[in-house]
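Trainee: If you count the sequence shown from 1, position 21 lands on 21 in UniProt numbering, and the numbers rise without skipping.
Please read through the structure below; I'll follow up with questions.
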Amino acid sequence: TKDEDTNRLIGLAIWDSKENWLAARPAMIDAVKDDPFDEWELKPPKVYHLIKV
């Protein structure tokens, strides 16, 4: 998804639980370990860990 005002790409992942997310993290990190983020990104991404309110 792209924000029409800033032209920034926005990604959102919703997990069933924090435990499921934590269990999946090693595989997700491994899947992108060789990706050239330093070439793709101008600065580190903003990351938010949201909770229901």
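Glycine included, every Cβ here is placed at the ideal spot set by N, Cα and C.
Everything numeric in this text was worked out from a predicted model, so none of it was measured.
In its own chain, which residues sit with a C-beta less than 8 angstroms from the C-beta of T1, not counting the 5 before and 5 after it?
Mentor: Here residue 1 refers to the residue found at position 1 of the sequence shown. Result list for T1: L9, I10, G11, L12, in chain order.
Trainee: Have a look at N7, T6, D5, A24 and flag the residue whose alpha-carbon is nearest the alpha-carbon of I14.
Mentor: By one-based count along the sequence shown, residue 14 stands at place 14. I14 has its Cα closest to that of A24, out of N7, T6, D5, A24.
Trainee: What is the rounded straight-line gap between the Cα of A27 and the Cα of D34?
Mentor: As a first step, residue 27 must be located in the sequence shown, where it is residue number 27. As a first step, residue 34 must be located in the sequence shown, where it is residue number 34. Spanning the two alpha carbons is a distance of roughly 13 angstroms.
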